[in-house]
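Sequences listed follow chains A and B, in order. Per the numbering used here: the first sequence = residues 31 to 140. Per the numbering used here: the second sequence = residues 897 to 1144. Just so you know, even glycine gets a beta-carbon here, dropped at the ideal spot from N, CA and C. From a predicted model like this one, the values you see are computed outputs, not experimental measurements.
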Amino acid sequence: MIPALALVLGVVLGLVLEPTVPAPLQPYLPIAVVAALDAVFGAVRAQLDGIFDDRVFVVSFISNVLVAGLVVFLGDQLGVGGQLSTGVVVVLGIRIFSNAAAIRRHLFRA
Amino acid sequence: MSPGAPRRTLPGLLRPRLRRVDLLVALLLAALGFGAAVQVRSTHQLSALGASRPEDLVRILDDLSGRDARLRAEVEQLTAARQRLADGDDEDAALQEARRRGQVLGVLAGTVPATGPGVLLQVEDPTRAVRAEVLLDALEELRAAGAEAVQLEGRGPGGAVVRVVASTWLLDEDDGVLVDGVLLRPPYAFTTLGDPGTLASALAIPGGVVDTVARVGGTATVRSSDALRVGALRPLDRPRYARPAPGG
């Protein structure tokens, strides 16, 4: 309950405060959001599987975001930032889909 | 799926518990919501331009530059066209030029009267011996000598006058000559505009028009003048088939 409330609170804060993203962070924020979403979907699936662990979630969340940002940063330095961003989004998207499918099987038995 | 019932279910995940790691999880999720909301908002605000990569921005800038150049050229073109249209002097000049050409062509086509120096060739034919071919020879001779406007008058009974143009034709009749469908009776008079000296000498050469008329029994007299008037007109026929070619 608290994590869901926190999520909603964050969305509200983001909408109300209307902060501007610093220019150097602008390419990384969307990737970071997608990576965090992947961690959250993995956590929900783990919870349903009964193997959820707080620490694993925290570590996977942070490392997901960091690795995604690092990959994009490296891509930018190598001149293939756009392509690597697309690659990261595709991989994370596939993971999100498979996690979502597992969650669906748990909830609906189908 | 699993044979044993799961120890925790979705409500279990959402059940309030408060430990330090729970706070951390809540913080991370709040950060996720915050970041997502900010990203969505900035994407809408900047229409993705702010989040674009340098190479994309360069490409967009290139596109805009090309578009800018195209539009600039179009503006120049349209401005020049407007200037031409708005330039009244230029338009007047074009109109005057067109009128001048119309006058010149009208003299050639026989649609406007003409005056100027030239010769008056009078052909007396008391015996009706001067046939159409003699008159045609006279016309050809006058043209060869540089006649610019010619009218042929029949001064006999029911006198008529015809402007001679490129399409003029002559046909023998019992008591005269049919010219462009108009019956002319002798004596005939050619009013010709051109250089009087050239025209007169062309008519007077041995074996020329004057000799020919005399041989068949008529008399031809040539009189030069500084001010003759070719007043006979012919209607302007609109060509049925020929059209002005574009680009002429």
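Interface residue (Cβ-Cβ distance to chain B less than 9 Å): L45(A) is classified as such. Looking from the CA of T1007(B), the closest CA among A933(B), D1133(B) and D1091(B) belongs to D1133(B). With respect to P1013(B), S1097(B) sits apart: the two C-beta atoms are not nearer than 9 Å. Below the 7 Å Cβ cutoff, chain A contributes V88 and F91 as neighbours of L924(B), in chain order. About 13 Å separates the CB atoms of V1019(B) and T1088(B); that is not less than 8 Å, and the two are not in contact. At the C-beta level, V63(A) and G931(B) come within 9 Å of one another. DSSP places T1064(B) in the coil class of the three-state scheme, outside both helix and strand.
Within a 10 Å sphere around the beta-carbon of Y58(A) sit 16 or more other beta-carbons, which makes this residue buried. The beta-carbon of L957(B) is placed no less than 9 Å from the nearest beta-carbon of chain A. Counting other Cβ atoms within 10 Å of its Cβ, S90(A) reaches 16 or more and is therefore classed as buried. The CB of L953(B) never comes closer than 7 Å to any CB in chain A; the least such distance is about 12 Å. Looking at the DSSP output, Y1084(B) shares a beta bridge with V1019(B) and G1050(B). If you ignore the 5 residues before and after G111(A), its C-beta comes within less than 7 Å of the C-beta of P57, V102 and G105, all in its own chain and listed in chain order. In the DSSP assignment, R75(A) falls within the unbroken alpha helix (DSSP H) covering Y58 to D79. If the five residues before and after L1074(B) are omitted, its C-beta is found closer than 6 Å to the C-beta atoms of L1067, all from its own chain and listed in chain order.
Counting every other CB atom within 10 Å of its CB across the protein chains shown gives G1093(B) a total below 16, marking it as exposed. Here V119(A) is not near Q935(B), since their CB atoms are 9 Å or more apart. Put simply, the CB of T50(A) is near chain B, with a gap under 9 Å to one of its CB atoms. Residue-level contact by beta carbon fails for Q107(A) and chain B, as no gap is shorter than 9 Å.
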